[in-house]
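> Residue numbers (full-length UniProt numbering): 1 to 100. C-beta atoms are modelled at their ideal positions from N, C-alpha and C, and glycine is treated no differently.
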Amino acid sequence: IQKVAPKWLLRSVSRAVDLIMAHFGSSRDPEEKMRLGNSSYSPTIAGLVLEHLCPTIQDILEDGLRDHKLDFIIGQRRNHAWSVVETSTRIAVSLSKTCQ
């Protein structure tokens, strides 16, 4: 079954990307672009990421996420977007150990 992303989600991703691209598009100099990506020199990038990109990523992770997960020990427990991140990290670490 293929699930089509809701239009609001696509618009949210597009807006976050457009804002960040516009921020970096203000300069053609590679060194200046490095400074634009460093929140110590350019606090604007931190605001763009925290206010636009992070909520969009959370919305993507939560879209289609089931409300509860069956746990053999405690029964049902609530799913959260952070659980997806934790599980992905564990899988990546396991794979990197296997490939070494």
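Have a look at Ile60 and Arg28 and give me their C-alpha separation to the nearest angstrom.
Computed Cα separation, rounded: 31 Å.
> Using only alpha-carbon positions, find the residue among Ala16, Glu86, Pro30 and Ser83 that is nearest to Ile45.
Nearest of Ala16, Glu86, Pro30 and Ser83 to Ile45, Cα basis: Ala16.
> With distance defined between alpha-carbon atoms, name the residue in Pro43, Ala22 and His52 nearest to Val13.
His52
> What would DSSP say about Pro6, mapped onto helix, strand or coil?
coil
> On the three-state DSSP scale, how would you describe Gly37?
DSSP, reduced to helix, strand and coil, places Gly37 outside both helices and strands of the structure shown, so it counts as coil.
> On a Cα-Cα basis, can you pick out the residue from Leu10, Val49, Trp8 and Asn79 that is closest to Ile20?
Among Leu10, Val49, Trp8 and Asn79, the Cα nearest to that of Ile20 is on Val49.
> To the nearest angstrom, how far is it from the Cα of Lys7 to the Cα of Pro55?
16 Å
> Please report the straight-line C-alpha distance between Gln58 and Pro30, rounded to a whole angstrom.
If I take the Cα positions, the gap works out to 30 Å.
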